[in-house]
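Visitor:
In the working numbering, the protein residues as written are 81 to 428.
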């Protein structure tokens, strides 16, 4: 007997219209998935950009803060490098160590530019407004400035790296702040005591120690005094001493009036700080470093703020020393030095 197996076949007939709608839905679903994936990727990129912009703004604000501190402390005799190194303990720029070392010095270019702008007429030997005698006087002033820079350059250039490695400790900075704060107070107290002992008949106010100064104008600044101030500038190689502080102390000790000591200090800064900045830039590039956009912006903002603030600080100091002595700065240095020692002693 033969068994016949009946196999039934079910065939589904799909119309062209149904297939069209099915394919359309599939494409829409795939497109939606791709669209969501694309949106997710775009959102990630946008968030990354936002984070970079946020970080960049924060770093620029930090650079502005360093520029503010540089502009104030570069000209007041309270140590700009000391303040910058101390600020770095609390506000850290997100940059490489090599860039930070360079930034710490090159930011001074903004401060230098402020001196050039404020005293351009005084320091320009080519000015048509000056007669032959005035031009010669300006050239002599520049010659004295250059001569006064030689001692610090002779010591500072070969010892630059060693000082960076061994003299940047906060306690060393604090000690220098205190020591030279005491020197300011003692020196000014002695000058004022001399003024009080003026013989009868001399029309000098008891508090006007500058009336007994032997050098009351930059034209009267001798070569010997210029070299002596340059030797005092060597002291500023120790962080915390203050370049302006050391040269002002030198000027006062050698018989200069306060305005003369302050102005000669400003002028000394031009070759000294320009040379130091150039040296750091050369070392930075020789070391195989370069600038990315953010680092260039950080340096630019720091210099720009230092320039603007320096304009104000210089005018303030010139007006201040015509009526007051430097003892308030000495007191500030001592108090800051004590605070630094206390803080870092507890931190350690």
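In this text, a Cβ means the ideal position worked out from N, Cα and C, and glycines have one as well. Bear in mind that the values here come from a model prediction, so they are computed numbers and not experimental data.
I need the DSSP call for residue 327, collapsed to helix, strand or coil.
Guide: Looking at residue 327 - three-state DSSP - the assignment turns out to be helix.
Visitor: Under three-state DSSP, which class holds residue 321?
Guide: DSSP places residue 321 in coil when its eight states are reduced to three.
Visitor: How would you call residue 161, buried or exposed, if buried means at least 16 neighbouring beta carbons within 10 angstroms?
Guide: With 16 or more other Cβ atoms within 10 Å, it is buried.
Visitor: The alpha helix (DSSP H) that contains residue 370, what's its start and end?
Guide: Counting along the chain, residue 370 falls outside any alpha helix (DSSP H), and DSSP gives it neither H nor E.
Visitor: Find out if the Cβ-Cβ distance for the pair residue 416, residue 143 is shorter than 9 Å.
Guide: No; because the gap between Cβ atoms is not below 9 Å, this pair is not in contact.
Visitor: Would residue 147 and residue 187 be called neighbours here (beta carbons separated by less than 9 Å)?
Guide: Against a cut-off of 9 Å, the Cβ pair of residue 187 and residue 147 comes out as a contact.
Visitor: Once you ignore the five residues that flank residue 229 on each side, which residues in its own chain have a CB closer than 6 Å to its CB?
Guide: Closer than 6 Å at Cβ, skipping near neighbours: 351 and 352.
Visitor: Taking the alpha helix (DSSP H) that residue 169 belongs to, which residues open and close that run?
Guide: Where residue 169 is concerned, there is no enclosing alpha helix (DSSP H), given that its DSSP letter is neither H nor E.
Visitor: Quick check: residue 184 and residue 198, are their CB atoms within less than 9 Å of each other?
Guide: Not closer than 9 Å, so no.
Visitor: Return helix, strand or coil for residue 287, following the three-state DSSP convention.
Guide: Note that residue 287 has pLDDT 44, beneath the 50 cutoff, so the model's placement of it is unreliable and the number below is only indicative. Looking at residue 287 - three-state DSSP - the assignment turns out to be coil, as it is neither helix nor strand.
Visitor: Determine, using beta carbons only, whether residue 260 and residue 327 come nearer to each other than 9 Å.
Guide: Their beta carbons are not under 9 Å apart, which means residue 260 does not touch residue 327 by this criterion.
Visitor: Give the straight-line distance between the Cα atoms of residue 302 and residue 194, rounded to the nearest whole angstrom.
Guide: Those two C-alpha atoms are separated by around 26 Å.
Visitor: Taking one C-beta from the region 308-325 and one from the region 341-350 each time, how about it: are there three or more such pairs within less than 8 Å?
Guide: Judged by Cβ distances under 8 Å, the region 308-325 makes contact with the region 341-350, as three or more pairs qualify.
Visitor: What residues in its chain sit with their C-beta under 8 Å from that of residue 257, if we drop five residues either side in the sequence?
Guide: Answer for residue 257: 158, 159, 162, 320, 413, 414, 416, 417 and 420, listed in chain order.
Visitor: Measure the alpha-carbon distance for residue 191 versus residue 200 and round it to whole angstroms.
Guide: Taking the straight line from one Cα to the other gives about 14 Å.
Visitor: As an exercise, report each continuous alpha helix (DSSP H) stretch of at least 4 residues that is fully enclosed by the region 161-242, in chain order.
Guide: Whole alpha helix (DSSP H) segments, 4+ residues: 177-186, 188-198 and 200-203.
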